[in-house]
Amino acid sequence: MSQMRTQRAGDIVAGIFFSLLGVFVVWAAFGIKGAPDMRMHPRTLPLILGWAVGIAGGILAFHAWRYRGPARIVPWPDRVGTLRVGVTLAALVVFLFLVEPLGMPLGSGLLVGFLVWYLGRYRPIFAGLLGLATGGVIYAVFIQLLQLSFPIGPLGR
Numbered sequence: 002m003s004q005m006r007t008q009r010a011g012d013i014v015a016g017i018f019f020s021l022l023g024v025f026v027v028w029a030a031f032g033i034k035g036a037p038d039m040r041m042h043p044r045t046l047p048l049i050l051g052w053a054v055g056i057a058g059g060i061l062a063f064h065a066w067r068y069r070g071p072a073r074i075v076p077w078p079d080r081v082g083t084l085r086v087g088v089t090l091a092a093l094v095v096f097l098f099l100v101e102p103l104g105m106p107l108g109s110g111l112l113v114g115f116l117v118w119y120l121g122r123y124r125p126i127f128a129g130l131l132g133l134a135t136g137g138v139i140y141a142v143f144i145q146l147l148q149l150s151f152p153i154g155p156l157g158r
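When we follow this note's numbering, the leftmost residue of the sequence shown carries the number 2, and every step to the right adds one.
#1: Please report how far the alpha carbon of Val-86 lies from the alpha carbon of Leu-22, in whole angstroms.
#2: Can you find the residues in the same chain that come closer than 6 Å, C-beta to C-beta, to Gly-129, ignoring five residues on each side of it along the sequence?
#3: Starting from Leu-61, follow the alpha helix (DSSP H) in both directions and report where the run begins and ends.
#4: Between which residues of its own chain and Gln-4 is the CB-CB distance below 6 Å, once the five residues before and five after are set aside?
#5: Tell me, to the nearest whole angstrom, how far the beta carbon of Ile-13 is from that of Gly-58; I am working on the premise that it is less than 8 Å.
#6: Our contact map puts Gly-132 next to Leu-111 with C-beta atoms below 8 Å; I'd like the distance itself, whole angstroms only.
#7: In terms of residue numbering, what span does the alpha helix (DSSP H) encompassing Ser-20 cover?
#8: Out of curiosity, what's the CA-to-CA distance linking Val-73 and Arg-6?
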């Protein structure tokens with residue numbers, strides 16, 4: 002158990018997890034069907050992300066496996082740190098439930114704004130502007146430019 006508290010062990014486990022996650026995403030992406038009249042196939046973005054996550058996980062695990070320096074002990078989060086992790090996970094769950102009715106741009110903007118405010122302890126105006134910019138970029142790049150079929154929410158009505 003104490004071995005798992007080193008950064009090396011954590012990086013190996015995380016790297017293997019992300020490699021397997023990447024393989025799963027790539028495998029699942031090949032099951033996505035597309036229409037012939039679409040500008041970009043719907044599986045393109047999941048394939049890119051799956052390959053990127055899988056390769057990055059493999060690199061992380063490999064570098065951690067090769068590391069031979071002194072063991073770096075990772076301190077476990079205290080009560081405040083555990084609460085921050087819990088609130089972040091709860092925010093992600095809320096995002097997943099609200100992304101369909103609110104749309105990807107608005108939902109992502111709210112998530113980013115909240116997490117920047119909560120985790121970064123920035124002023125609410127800065128967090129709100131960053132969330133607004135995030136939603137705008139998602140709308141402009143992924144929905145308008147790449148024409149991906151993300152839920153658009155009230156922006157499309």
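We put the beta carbon where it would ideally sit given N, CA and C, even for glycine.
Straight from the coordinates:
#1: 21 Å
#2: Gly-114
#3: 45 to 67
#4: Per-residue confidence for Gln-4 stands at a pLDDT of 49, beneath the threshold of 50, marking its modelled position as unreliable; no derived number is given.
#5: Rounded, the Cβ-Cβ distance is 10 Å, inconsistent with contact.
#6: 6 Å
#7: 8 to 30
#8: According to the sequence as given, residue 73 is Arg; it is not Val. If I take the Cα positions, the gap works out to 8 Å.
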